[in-house]
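Read the structure below first, then the notes.
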Amino acid sequence: MLIDCNVHLGRWPFRRLPIEDVETLLRAMDQEGIDRALVAPMESVFLRDGQQGNETLHAATSPHADRLGLVACLRPNAPGAVGDLKRCREQWGFVGLKLHPTYHDCPLGDPTTQTLVAEADELGMFVSVSMRMEDNRFQTSVGTVPEVAVSEVIAFLEAWPSARLLIANVGRGEYLPLAKSEAFRNGAVFVEHSELDGPYDPVRDLIDGVGVDHVVFGSHTALRVTHRAVVDFDAAGLTPGERTAMGEANALRLLGEA
Numbered sequence: 228m229l230i231d232c233n234v235h236l237g238r239w240p241f242r243r244l245p246i247e248d249v250e251t252l253l254r255a256m257d258q259e260g261i262d263r264a265l266v267a268p269m270e271s272v273f274l275r276d277g278q279q280g281n282e283t284l285h286a287a288t289s290p291h292a293d294r295l296g297l298v299a300c301l302r303p304n305a306p307g308a309v310g311d312l313k314r315c316r317e318q319w320g321f322v323g324l325k326l327h328p329t330y331h332d333c334p335l336g337d338p339t340t341q342t343l344v345a346e347a348d349e350l351g352m353f354v355s356v357s358m359r360m361e362d363n364r365f366q367t368s369v370g371t372v373p374e375v376a377v378s379e380v381i382a383f384l385e386a387w388p389s390a391r392l393l394i395a396n397v398g399r400g401e402y403l404p405l406a407k408s409e410a411f412r413n414g415a416v417f418v419e420h421s422e423l424d425g426p427y428d429p430v431r432d433l434i435d436g437v438g439v440d441h442v443v444f445g446s447h448t449a450l451r452v453t454h455r456a457v458v459d460f461d462a463a464g465l466t467p468g469e470r471t472a473m474g475e476a477n478a479l480r481l482l483g484e485a
């Protein structure tokens, strides 16, 4: 089984994407041999009321709950965010919470973020932190958003040693400092490979850098090309055990299913 732990579905305001609806996503998953995907609403990165995007995502994907696990995206400092997250979990079956600290102008250490993460943990949801959505070299002048600082993420890991955490869209210069953190090494903390490009072997280097028990498969569909992530995964020369860990077992640990 192959589980994609980093997918966004919906419209991106600065360019059209090859995958913007559920049917196209499922076809791409079938073509690439991806069995399940953890999907967050693209629009909620920008909506003031992120719950609108969560509701739209749920309505569009509910017939495919066996393949698509839903990840809520909310501004922690928005009114009613805790109640919205509870609704996502208890009424709609969402499995995770995605944080965009820079896009939402709400740092990981902000009290509202801490409150929302505490609620997610209490509800049995994993938490994903997006380091970036796009390489800043490709951002438009009206949509320039900085990356999340590695030091901020390390402090967040230290504050939540028992939570299940995914640090998404890490860059090459970021995962090694994260891996040196005791909180990373000892926790249920995972990174994925979607932002790591060649000419080196990005998946092999990531596994060697942080340990195979901390790596999951992630494509960053649809801002990134799904096929590229699969090619990198297949070309890494992984042992059967490494393929199982990265492709399935670690994702099940992130989801609390193993």
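For what it's worth, the working numbering labels the leading residue of the sequence shown as 228, then goes sequentially.
A virtual CB, placed ideally from N, CA and C, is assigned to each residue, including glycine.
- Cβ contact annotation for Glu346 (same chain, cutoff 6 angstroms, sequence separation greater than five): Val309, Leu312, in chain order.
- Nearest Cα to Pro240 within the set Leu265, Asp248, Asp231, Val272: Val272.
- The beta carbon of His285 sits closer than 7 angstroms to those of Leu297, Trp319, all from its chain and outside the five residues before and after it, given in chain order.
- Note on Ala449: 16 or more other CB atoms within 10 angstroms of its CB, so buried under the neighbour-count rule.
- A distance below 7 angstroms between beta-carbons, with the five flanking residues on each side excluded, links Val439 to the following residues of its chain, in chain order: Glu469, Ala472, Met473.
- In the three-state reduction of the DSSP assignment, Thr283 falls in the helix class.
- A residue is called buried once 16 or more other Cβ atoms fall within 10 Å of its Cβ, and Pro303 is buried on that count.
- When DSSP states are grouped into helix, strand and coil, Leu295 belongs to the strand group.
- DSSP lists Glu419 as the beta-bridge partner residues of Val443.
- By DSSP's assignment, Lys325 forms a beta bridge with Cys300, Ser355.
- According to the DSSP secondary-structure assignment, His235 is paired through a beta bridge with Ala267.
- Within the DSSP secondary-structure output, Ile394 pairs in a beta bridge with Val356, Val418.
- In the assembly as shown, Val437 is a buried residue. Its beta-carbon has 16 or more other beta-carbons within 10 Å.
- Distance from the CA atom of Val249 to the CA atom of Pro404, rounded to whole angstroms, is 36 angstroms.
- In this chain, Glu361 is not harboured by any alpha helix (DSSP H), its DSSP state being neither H nor E.
- Here Met358 is buried. Its C-beta has 16 or more other C-beta atoms within 10 Å.
- Counting every other CB atom within 10 Å of its CB across the protein chains shown gives Pro328 a total of 16 or more, marking it as buried.
- Under the three-pair Cβ rule at 8 angstroms, the stretch 420 to 439 does not count as touching the stretch 370 to 387.
- Secondary structure at Ile261: coil, using DSSP grouped into helix, strand and coil.
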